[in-house]
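Residue numbers (full-length UniProt numbering): 1 to 405.
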């Protein structure tokens, strides 16, 4: 007798793989039967991406340890020495269980409980947060790995697609759909991309967390769903265009980060401008025309709308919304670059706090008391003034950086 869970699993499987969900009207799974000469995408093929993703994780660890880390040392990437927070069980428990950046009132309460000055408790939390932040060498290694993969993936995509008719005539994406045989080169290209994004999901808890962490999760999820669904529904041709367009700009993003970590400012700025141009053109011009317009309009010349049509376009629109979000950040950075002549830090990055924050607070407290000490550029003596008025040659602290006025 078949158990209830088995019957439920069978019913769910039958419901999930109804041809109305995956194939255009008038086409059934019987029409997609394979022969000795013709092979179509099979959903079970996607299971191979999991072990391949684990292999990529192992390859990444070996690459970072054997190649990227020694390379960072040779190129002068040095980790900043960070002061460690003194052991304090009460503060550590609060940090781990409740909040990593408490408000001023909470700091005062914790200071009373620990019998410590508020300034010392504030410094403890700052040092503790910095301890959790990734080191420069870790960021360098991660960028090196992604750069290596994106270069391989992008040129693999070009090698696979350069002689394919749908790369040059986008209507060819729908010729004969859905009965388009799966070529071995397309299968391995799909498997490579899907395995890589699964590997990013597996290493997400250990990778550098940036300010757009949530958007990255949405991006990875949408990409995995998009690749998987397009494979099962035999949207292979349009899927290959999506992947090669995405890899084009990423090939410039990662080396920009690498040179930024190396402090090669001019090279970093130049690469950033190239990346910005490639990203904006590929994601806001080529992607909408080549992919979105293609799937939304050209596909309707071949078949009537069905669930797969709506689902595929919904995933593509989610990706496009992320493109717009990141484009706004990039345009803002380019605007700052044009005004200031230098590229500001990546707004997605996790910046490190320093003891200059405390120095700035001390300056403010002294100014409130009407006493500010400053060094005159024309003499070695110190002058005390009762008002904190702006002075030439005075050193001001702004956003944790020292600037001469």
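Yeah, the Cβ is synthetic: ideal placement off N, Cα and C, and Gly gets one too. Since this is a predicted model, take the numbers as computed values, not measurements.
Count the other C-beta atoms from every protein chain shown that fall within 10 angstroms of the C-beta of residue 351, then say buried if there are 16 or more, exposed otherwise.
-> With a pLDDT of 49 at residue 351, under the threshold of 50, the modelled position of that residue is not reliable, and no figure is offered here.
From 113, 191, 104, pick the residue whose C-alpha is nearest to that of residue 55; which is it?
-> Ranking the options by Cα distance to residue 55, first place goes to 191.
Do the region 237-256 and the region 280-293 make contact, defined as three or more Cβ pairs closer than 8 Å?
-> Yes: at least three Cβ pairs fall under 8 Å.
Validate contact between the region 167-182 and the region 33-42 using beta carbons, cut 8 Å, 3 pairs = Cβ pair count under 8 Å is three or more, so yes.
8 Å CB neighbourhood of residue 77 in its chain, flanking five on each side removed | Answer for residue 77: 136, 137, 140, 261, 262, listed in chain order.
Straight-line gap, residue 264 to residue 274 (C-alpha atoms, nearest Å) = The C-alpha of residue 274 is placed about 16 Å away from the C-alpha of residue 264.
With C-beta atoms as the reference, is residue 125 less than 9 Å away from residue 255?
-> The answer is no: Cβ separation not under 9 Å.
Could you have a look at residue 84 and say whether DSSP puts it in helix, strand or coil?
-> DSSP places residue 84 in the coil class of the three-state scheme, outside both helix and strand.
Completely contained alpha helix (DSSP H) runs for the region 157-222, where each covers 4 or more residues | 165-168, 184-202, all fully within the region 157-222.
List the whole-angstrom C-beta distance separating residue 196 from residue 149, where the pair is believed to meet the contact cut-off of C-beta under 8 Å.
-> Yes, they are in contact, since the Cβ atoms of residue 196 and residue 149 sit about 6 Å apart, within 8 Å.
At least 3 beta-carbon pairs within less than 8 Å: the region 325-343 vs the region 226-237 = Segments in contact, no.
Nearest-angstrom Cβ-Cβ length linking residue 24 and residue 306, presumed shorter than 8 Å | The pair is a contact, with the Cβ atoms about 6 Å apart (cut-off 8 Å).
From 113, 75, 74, residue whose alpha carbon lies closest to that of residue 90 = Nearest in C-alpha terms to residue 90, of all of 113, 75, 74, is 113.
Determine the burial state of residue 281: buried for a count of at least 16 other Cβ atoms within 10 Å of its Cβ, exposed for fewer.
-> Exposed, because fewer than 16 other Cβ atoms sit within 10 Å of the Cβ of residue 281.
If we ignore side chains and look at the alpha-carbon of each, how far apart do residue 53 and residue 163 end up?
-> Distance between the alpha carbons of residue 53 and residue 163 is about 28 Å.
So what does DSSP say about residue 116, is it helix, strand or coil?
-> Reduced to three states, the DSSP call for residue 116 is coil.
What separation, rounded to the nearest whole angstrom, lies between the Cα atoms of residue 61 and residue 109?
-> Near 43 Å, if we compare the C-alpha coordinates of residue 109 and residue 61.
Please name the residue in 308, 221, 236 whose C-alpha comes closest to that of residue 173.
-> Checked all of 308, 221, 236; the closest Cα to residue 173 is 236.
Under a three-way DSSP split, which group does residue 256 fall into?
-> Per DSSP, reduced to three states, the secondary structure at residue 256 is helical.
For the putative contact between residue 316 and residue 291, defined by C-beta atoms under 8 Å, what is the C-beta separation to the nearest angstrom?
-> That belief holds up - the Cβ atoms of residue 316 and residue 291 are roughly 6 Å apart, short of 8 Å.
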